[in-house]
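Asks: Structure incoming, see below.
Number of protein chains: 2
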Amino acid sequence: MNFLSLSKAELSDLKADLEEKYSSYKENGLKLNMSRGKPSPKQLDLSNDLLTKGMGSYYAADGTDARNYGILEGLSETKQFFADTLGLNPDNIIVGGNASLNLEYDALIRCWVFGSCGEKPWSALPEVKFICLTPGYDRHFGMLQDLGIKMISVELKEDGPDMDKIEEIVKNDSSVKGIFCVPLYSNPTGTCYSDENVRRLAAMETAAKDFKIFWDNAYGIHHLYDEGEKLADIFKLCEEYGTEDRVYYFFSTSKITHPGSGISFVSASAPMIKEIKAHMTYQTIGHDKINQLRILHFFENNGGITAHMKKHAEILAPKFDLVLNKFNEEFKDSGILSWIEPKGGYFISVNTLEGCAKATVALCKEAGLTLTGAGATYPYGKDPTDSNIRIAPSYPEIDELETAVEVFCVCCKLAAANKLLEN
Amino acid sequence: MNFLSLSKAELSDLKADLEEKYSSYKENGLKLNMSRGKPSPKQLDLSNDLLTKGMGSYYAADGTDARNYGILEGLSETKQFFADTLGLNPDNIIVGGNASLNLEYDALIRCWVFGSCGEKPWSALPEVKFICLTPGYDRHFGMLQDLGIKMISVELKEDGPDMDKIEEIVKNDSSVKGIFCVPLYSNPTGTCYSDENVRRLAAMETAAKDFKIFWDNAYGIHHLYDEGEKLADIFKLCEEYGTEDRVYYFFSTSKITHPGSGISFVSASAPMIKEIKAHMTYQTIGHDKINQLRILHFFENNGGITAHMKKHAEILAPKFDLVLNKFNEEFKDSGILSWIEPKGGYFISVNTLEGCAKATVALCKEAGLTLTGAGATYPYGKDPTDSNIRIAPSYPEIDELETAVEVFCVCCKLAAANKLLEN
């Protein structure tokens, strides 16, 4: 049924039906949450050996007692482990604390306070701008906004950033200092950057000598199905163009082991690692090496990280399938909802009828279903067409999710009917 | 034997004797380290249950699943635990990662980038100065130097800072924005601030409205002997004078459990906690809650933190006693070395004959004994009289320490003899 071809009378009837359903949901006093990309308790259980068993030896391979102070850049075997997992150079890795977000923030702050590549600190410039791919990750936008960095929205297309637009902007404006990218299974669209687009990011000419790509590969191995997407090696491509110093590469085990107590890393070119360490040495004596070892031992004892990620996928994929099947049933050819079918990551990004995202989220909230706030996927929380909503199906269990999606479908339709009747 | 009353001939003879002893040490190929305040392996063993046993329940008291994301300020019971340990208000605590140093750096950076108390960011000012108590902690000086903050040395006296001097400076110069304090068993002198001096820090009039005291209570419960020193409650005193917003209070379990994998906190007035969180929310979703619970469970299962600290003292006190007894034997009335007998903390601060600290440390190094670099206890690494050396007796085992102190004594005497023969 295409909503857009209904008469006002038909819409009114439909609205009455939907309101009846909606009321019944409201009466049920639901408490459902699809707002954040949180692993479910069953996913967390996969890593419980980390908590219930002893960690084994607390000596690193080189004899370092991991209990004591020291080792600013993290243990060698931890760097090697991440390097093997993601195809990186272990020498160019610094292991952080429990969150790559914190490493991203620190990298941004260092550019802001101290500058990079011998250029002025960004705080000393009259204006600093960043390219923000939309829809995108609210926490990236948040840290830019907190610093007063001007955010320029550029569309994230099906195969990655709108590179024509970006090349034009960064070539001509030296105040544009960087871009945040989630290159694989992007938050929230699930987009994977094509090899060609990664190449263009590596190759592009930037007016700013200290232009930075914050390569947040948060979902680097978080495939939902067997045939995972492949991401081009940005460092290798940068080497071709002599632009290695523009990349900060981030990753963490947050959605692999336990989000609260994982380990993270930043990778960069050798000169940039040196630059990071030159300031980081005043910030900390070193991050939690015990946890670095604990997580390494866990993967060795539990058949490796790839096998572990398959177990996550076995729990996650049915949830994504449920939501997507329901959308197909309820919204195919409806004209009021479009969505992307991701192959990994933690989100399903949908677009409602223009001007209906806020209303849909509000209706859901009133019925006991919390979604990510409408607008959150855009800089300054302002979605220009008020249509994008980020759905996070990972946390609820299947039966809860079923109800949650039903509620969402009714709210989305009701918001659309209201909108169409307004006109 | 007073070196200062020896004739040149006597000094020459003495020097020859000392050089002979020194040569024998050099031949032994020693590898001793008294450079950093690191707990010894035996001390670390006290907390091995943290590693070898399961952590128990991963649910917080309020039902929070500590494995997942969230709880920016840390778990309630962790805040309560620290509050109970140190006499603080649990509502005014934010739990951090594995290092209070990192929390100190972050607090400094926030003042630098965003400003505090509604005042301009420090980075926007033509000059920012800090008072540095000397001798002091090199890592505090390091982070100030990295930001280009001008360090003004003020003497740390036997009962705390030279308050007359400080009051005069902060009253008249609005570019003086803060001071780092290690108020109990100060690094390196072991000094404990008198109640009167804490009161004066709370009461003093500052030209800068956003003056900050970085109250690094690193050794807050690290007593060596039964009769521990007491520290006045700075927040309570500040309340009397309406100056609560000037204090950032730091603490960690680094030297209680394992330095690499402890937990830390910052405490401040309610408005300052709010100010911290307003920016911190862009930096992290929350620190390691599993570790917060793990450490809490450990203390409950191991008879509490006070009993645990006594076990540390039982290992540490004999080491301090050994060094101090040796100094008494070797240097009493020698005129070439003075020292302070600390009642807690991790260091013994000594003063050599003027101009002999660097030479002593260099001689030790050559004989295989690493000490903290001479000058490290002063801003910019410059000890104006080249006399202060920080001795860290915690790490070596007793027999190693015995040799290390012997080497130190010979080197110190040799440096003094050389100096006196020069004149």
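Read top to bottom, the protein sequences are chains A and B. Counting with the working numbering, you get residues 1 to 423 for the letters of the first sequence. Counting with the working numbering, you get residues 424 to 846 for the letters of the second sequence. Cβ atoms here follow ideal geometry from the backbone N, Cα and C, with glycine treated the same way.
Taking the alpha helix (DSSP H) that valine 689 of chain B falls in, what are its first and last residues?
Replies: Where valine 689 of chain B is concerned, there is no enclosing alpha helix (DSSP H), although the beta strand (DSSP E) it sits in stretches over 687–690.
Asks: Measure the Cβ-Cβ separation of leucine 524 of chain B and arginine 562 of chain B and say whether it is below 8 Å.
Replies: yes
Asks: Provide the residue(s) that pair with valine 670 of chain B in DSSP beta bridges, ordered along the chain.
Replies: B/Ile636
Asks: Is there contact here, the region 584–597 of chain B with the region 824–834 of chain B, by at least three beta-carbon pairs under 8 Å?
Replies: no
Asks: Could you have a look at isoleucine 336 of chain A and say whether DSSP puts it in helix, strand or coil?
Replies: coil
Asks: Three-state secondary structure (DSSP) at lysine 419 of chain A?
Replies: helix
Asks: Residues of the region 527–547 of chain B with a CB closer than 7 Å to any CB of chain E: list them in chain order, please.
Replies: This model lacks chain E altogether, as its protein chains are A and B.
Asks: Step through the CB atoms of chain A and report whether any lies within less than 8 Å of the CB of methionine 424 of chain B.
Replies: no
Asks: Report the neighbours of aspartate 569 of chain B on chain A: residues whose CB is nearer than 7 Å to its CB, in chain order.
Replies: Neighbours of aspartate 569 of chain B in chain A, taken as residues at a C-beta separation under 7 Å, are given in chain order as His279 and Tyr282.
Asks: Rounded to the nearest angstrom, what separates glycine 74 of chain A and glycine 97 of chain A at their Cα positions?
Replies: 10 Å
Asks: Distance cutoff 8 Å, beta carbons only. Does serine 458 of chain B sit that close to anything in chain A?
Replies: no
Asks: Determine the chain A residues that contact tyrosine 492 of chain B at a beta-carbon separation under 8 Å, and present them in chain order.
Replies: Within 8 Å Cβ-Cβ: Arg36, Lys38, Ser254, Pro259 and Gly260.
Asks: Could you list which residues in chain A have their beta carbon closer than 8 Å to that of lysine 476 of chain B, in chain order?
Replies: Gly54
Asks: Give me the Cα-Cα distance between glycine 87 of chain A and aspartate 233 of chain A, rounded to the nearest whole angstrom.
Replies: 8 Å
Asks: Tell me the DSSP bridge mates of lysine 161 of chain A?
Replies: Lysine is not the amino acid found at residue 161 of chain A; the sequence shown has proline there. DSSP lists A/Leu156 as partners of proline 161 of chain A.
Asks: Quick check: the Cα distance between methionine 703 of chain B and alanine 404 of chain A, rounded to an integer number of angstroms?
Replies: 32 Å
Asks: Just mark aspartate 436 of chain B as buried or exposed, buried being the case when its beta carbon has 16 or more other beta carbons within 10 Å.
Replies: exposed
Asks: For asparagine 48 of chain A, which of helix, strand or coil comes out of DSSP?
Replies: coil
Asks: For aspartate 288 of chain A, which residues in chain B fall below 8 Å Cβ to Cβ?
Replies: Gly520, Asn521, Gly683, Ser684, Asp711 and Asn714
Asks: From the DSSP output, read off the bridge partner residues of serine 675 of chain B.
Replies: Per DSSP, the beta-bridge partners of serine 675 of chain B are B/Ser687.
Asks: Hey, serine 757 of chain B and phenylalanine 426 of chain B: beta-carbon distance below 8 Å or not?
Replies: yes
Asks: For methionine 574 of chain B, write down the residues that DSSP places opposite it in a beta bridge.
Replies: B/Phe553
Asks: Could you check the C-alpha separation between aspartate 514 of chain B and alanine 691 of chain B for me, to the nearest Å?
Replies: 10 Å
Asks: Hey, does leucine 524 of chain B have any beta-carbon neighbour from chain A nearer than 8 Å?
Replies: yes
Asks: Leucine 237 of chain A to leucine 322 of chain A, Cα distance in whole Å?
Replies: The straight-line gap from Cα to Cα measures roughly 38 Å.
Asks: Suppose contacts are defined by Cβ-Cβ distances below 8 Å. Is alanine 522 of chain B in contact with serine 684 of chain B by that definition?
Replies: Here alanine 522 of chain B is not near serine 684 of chain B, since their CB atoms are 8 Å or more apart.
Asks: Should alanine 827 of chain B be flagged as near chain A, meaning a C-beta pair shorter than 8 Å?
Replies: no
Asks: So arginine 390 of chain A is in the alpha helix (DSSP H); what residue range does that whole segment cover?
Replies: Taken as a continuous stretch (DSSP letters only), arginine 390 of chain A belongs to no alpha helix (DSSP H), being part of the beta strand (DSSP E) at 388–391.
Asks: Note down the Cα distance separating leucine 776 of chain B from serine 480 of chain B, rounded to an integer number of angstroms.
Replies: 57 Å
Asks: Taking 8 Å as the cut-off, decide whether the C-beta atoms of methionine 627 of chain B and valine 599 of chain B are in contact.
Replies: Their beta carbons are not under 8 Å apart, which means methionine 627 of chain B does not touch valine 599 of chain B by this criterion.
Asks: At 3 residues or longer, what runs of the beta strand (DSSP E) sit wholly inside the region 51–125 of chain A?
Replies: 93–95
Asks: Less than 6 Å between C-beta atoms, sequence neighbours within five positions excluded: which residues of the same chain meet that for isoleucine 336 of chain A?
Replies: Phe3, Leu353 and Ala416
Asks: Please go through the same chain and pick out, in chain order, the residues whose beta-carbon is closer than 8 Å to the beta-carbon of aspartate 49 of chain A, but skip the five residues on each side of it.
Replies: For aspartate 49 of chain A, where only same-chain residues beyond five positions count, the Cβ hits under 8 Å are Phe298, Asn301 and Asn302.
Asks: Could you tell me which chain B residues have their CB closer than 7 Å to the CB of proline 41 of chain A, listed as they occur along the chain?
Replies: Near proline 41 of chain A (Cβ distances below 7 Å), the residues of chain B are Asp488.
Asks: Could you give the uninterrupted runs of the alpha helix (DSSP H) lying entirely in the region 607–654 of chain B, keeping only those of 4 residues or more?
Replies: 618–626
Asks: Please identify the residue among B/Pro741, B/Lys733 and B/Glu652 whose C-alpha is closest to the C-alpha of threonine 680 of chain B.
Replies: Comparing Cα positions, the closest option is B/Lys733.
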